[in-house]
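In the numbering used here, the protein residues as written are 1 to 93. Glycine included, each C-beta is placed from N, C-alpha and C at the ideal position. Down below is the structure, laid out as C-alpha cells.
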C-alpha cells in the first residue's frame with residue numbers, strides 16, 4: 001500500500017474513530033519522510049559509536065529504544081518505496 005492510500009485508510013470513513021496513542025504513534029513512525037529516517041540513521045550510528053565505548057548495561061538498554069525506532073521507520077520507508085503508487089517518479093504510459 002502506498003503512502004497516499006495508507007493515509008486515506010487512516011483518515012477516510014472506514015478509519016478508526018478514536019485511535020489510541022499507540023496506533024497514532026505507529027502510523028506516524030511508518031509515515032516519516034526519508035529525510036527524517038536518514039537523520040535517525042545518523043543518530044543511531046552515533047549512538048552505536050558511543051555504545052562501543054560504554055560498558056554500563058542501562059545505557060545500552062536506553063540506546064536500544066532509538067535503534068528499534070530507526071529500524072521500524074526504515075522498514076516503513078522501504079515498504080513505501082517498493083509499493084507502486086502515484087507520484088513516485090514513474091514514467092506514465
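A Cβ-Cβ separation of about 14 Å leaves residue 70 out of contact with residue 49 under the 8 Å criterion. When only Cα atoms are considered, residue 83 and residue 43 end up about 27 Å apart.
For residue 75, the uninterrupted alpha helix (DSSP H) segment begins and ends at 57-82.
Around the CB of residue 24, fewer than 16 other CB atoms lie within 10 Å, so the residue is classed as exposed.
With fewer than three CB-CB distances shorter than 8 Å, the segment 28-38 does not count as touching the segment 50-61.
In this structure, residue 37 and residue 77 form a Cβ contact; the two beta carbons are roughly 5 Å apart against a cut-off of 8 Å. When only Cα atoms are considered, residue 52 and residue 62 end up about 14 Å apart.
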